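Position one of the sequence shown corresponds to residue 33 (UniProt numbering), numbered consecutively onward. Glycine included, every Cβ here is placed at the ideal spot set by N, Cα and C. The model shown is predicted, which means the values in this text are computed figures rather than measured ones.
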Amino acid sequence: IRQQALAELQQASSTTALAEWHGRYLGRRGELTQLMRRISQVPPEERPAYGQAVNALKEELTARFEQREAEVKRSELSQRLAAEAVDVTLPGRPADVAGLHPVTQMIREVTTIFNHLGFQTVEGPEVEYGYYAFDALNIPQDHPARDVWDTIFIVSDQKEIVLRPHTSPMQIRTMERRQPPVRVVVPGRCYRFEAVDATHEWHFHQIEGLAVDEHITMADLKGTLAEFARQLFGQERKVRFRCDYFPFVEPGVDFAIDCMFCRGEGCRVCKGTGWIEILGAGMVHPQVLRNVGYDPERYTGWAFGMGVERLVMLKYGVPDIRLFYQGDLRFLAQFNRAL
Ligand code: FA5
33 IRQQALAELQ QASSTTALAE WHGRYLGRRG ELTQLMRRIS QVPPEERPAY GQAVNALKEE
93 LTARFEQREA EVKRSELSQR LAAEAVDVTL PGRPADVAGL HPVTQMIREV TTIFNHLGFQ
153 TVEGPEVEYG YYAFDALNIP QDHPARDVWD TIFIVSDQKE IVLRPHTSPM QIRTMERRQP
213 PVRVVVPGRC YRFEAVDATH EWHFHQIEGL AVDEHITMAD LKGTLAEFAR QLFGQERKVR
273 FRCDYFPFVE PGVDFAIDCM FCRGEGCRVC KGTGWIEILG AGMVHPQVLR NVGYDPERYT
333 GWAFGMGVER LVMLKYGVPD IRLFYQGDLR FLAQFNRAL
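Given below as structure tokens:
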């Protein structure tokens, strides 16, 4: 028994195996208990020696068991430590970090440039009265120019309510509330009943600019826009002003920058003209000043309105405006700045 017990003990290498071994030899129904019980079958004169031998064996097995148990526990512990070890030198898994939409980033970039030039950022309603969207901007009810802004109407009776087709209504709202000097930029969403294509969305963003004071001239408009274009698109940018027509400015201009993608004749961005139009602008029409109670003899001003998506498309070479509003993270994540 002794030899077999010791051999088996040596082989038991887990706590469960050890517990089984303990039950088999030292437990209440184990081999040693059986041996003890058999003492009655031993001739009386041999009983003391028999009892001592069994007891000695029991003590020996108990001692060896405890020794082995300690060994097994130690090795089980070191195995577990090795298996569960944390390698602190491994690089961490990058967390998914949300980013700002490219249009939001561009709005912040543009308004920051104008803030540094002394313009305050203000915002206005997307659901607007026809009066602010058109009438006060010198576009009366039956004026054909009203059709130029393909407007989405919400209420179209006497008190017309529309989704604003441009940010220009905020020129009126701002001037109604303040006296000159006025210098504001107005970023915001606009809506038009428009056939969607690569350069037209039915909803998009504009940034309006407005400066009104005594002695404001066209030269201030040119200087401000040239400075803006160079800060956004690079110091080497050339700029161009051409005549254009908007009912709420006189004279009206369109403002273009030289094409930075230009491949001459076949250039797809500027269509070979060498110029890219980025906004409409002009001197605020005297009638518009009168509509808000300003004296056009005393005050002059200028305004501009630019499309934000178009600016992002130009700056980063985005080929299709529809990409902005499809929620495709493969597109949007390219604009995530490293934090
Ligand atoms: C206007 O909306 C005038 N309110 C701009 C203005 C303001 C002129 C102040 C003078 C003084 P226009 O319709 O051209 O103008 O739009 C201005 C810009 O908005 C365009 O150059 C273009 O960049 C952007 N835009 C217009 N329609 C869309 C559209 N459907 N999708 C995306 N961008 C558009």
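Does the ligand FA5 have a heavy atom nearer than 7 Å to the CB of ARG272?
no
Run of the beta strand (DSSP E) containing ALA293, from where it starts to where it stops
According to the sequence shown, residue 293 is Phe rather than Ala. Run containing PHE293: none; DSSP gives neither H nor E here.
Going by alpha carbons, who is nearest to VAL340 out of ARG100, PRO283, HIS198, TYR331?
HIS198
Less than 8 Å between C-beta atoms, sequence neighbours within five positions excluded: which residues of the same chain meet that for ARG100?
LEU41, GLN42, ALA44, LEU50
7 Å CB neighbourhood of VAL228 in its chain, flanking five on each side removed:
TRP234, ARG354
Given GLU226 as reference, the closest of ILE239, ARG295, PHE185 once Cα atoms are compared
PHE185
Through-space distance from VAL74 to ASN87, alpha-carbon basis:
15 Å
Compute the beta-carbon to beta-carbon distance between HIS284 and PHE278, rounded to the nearest angstrom, for a pair I have assumed lies under 8 Å.
Looking at the sequence itself, residue 284 is Gly, so the reference to His does not match. Contact flag correct, Cβ pair sits at about 5 Å.
Looking at the secondary structure, which residues open and close the beta strand (DSSP E) in which ALA165 lies?
Segment 162–165 is the alpha helix (DSSP H) holding ALA165; no beta strand (DSSP E) there.
For GLY312, is the beta carbon positioned less than 7 Å from some heavy atom of the ligand FA5?
yes
What's the C-alpha gap between HIS317 and PHE280?
5 Å
In DSSP terms, what MET315 is bridged to
TRP334
What does the Cβ neighbour count give for GLN238, buried or exposed, with the cut at 16 atoms within 10 Å?
buried
DSSP-derived helix/strand/coil call for ALA370:
Because ALA370 carries a pLDDT of 49, less than 50, the predicted location of this residue cannot be relied on, and no value is offered for it.
Check whether VAL154 and VAL216 have beta carbons under 8 Å apart
yes
For HIS198, verify whether its CB is less than 7 Å away from any heavy atom of the ligand FA5.
yes
May I ask you to report which of helix, strand or coil DSSP gives VAL142?
helix
What residues in its chain sit with their C-beta under 7 Å from that of LEU38, if we drop five residues either side in the sequence?
ARG96
So which of ARG342, ALA130, ARG269, GLN319 has the shortest CA-CA distance to VAL301?
ARG342
Counted within 10 angstroms of its Cβ, other Cβ atoms place GLN36 as buried (16 or more) or exposed
exposed
Span separating the alpha-carbon of GLY162 from that of THR183:
10 Å
Would you mind giving the Cβ-Cβ distance between TRP56 and GLU63, rounded to the nearest angstrom? I have them listed as a contact below 8 Å.
Before going on, a small fix: residue 56 reads as Arg here, not Trp. The Cβ separation is near 7 Å, so the contact holds.
Nearest by alpha-carbon distance to GLU98: which of LEU58, LYS303, THR121, PHE336 is it?
LEU58
Leaving out the 5 sequence neighbours to the left and right, which residues in its chain are closer than 7 Å to GLY83 when beta-carbon positions are compared?
ILE71
Does the count of Cβ pairs from the segment 166–178 and the segment 126–141 closer than 8 Å reach three?
no
Could you give the DSSP three-state label for THR153: helix, strand or coil?
strand
For ASN368, collect the residues of the same chain with a Cβ closer than 6 Å to its Cβ; drop the 5 residues on either side in sequence, then sort them by chain order.
GLY131
How about ARG221: is its Cβ closer than 7 Å to a heavy atom in the ligand FA5?
no
If contacts are defined as beta-carbon pairs under 8 Å, then GLY306 and ASP245 qualify, I think. What distance do you get, rounded to the angstrom?
No, GLY306 and ASP245 are not in contact; Cβ-Cβ is about 35 Å, not under 8 Å.
List the residues that DSSP assigns as beta-bridge partners of TYR223.
HIS235
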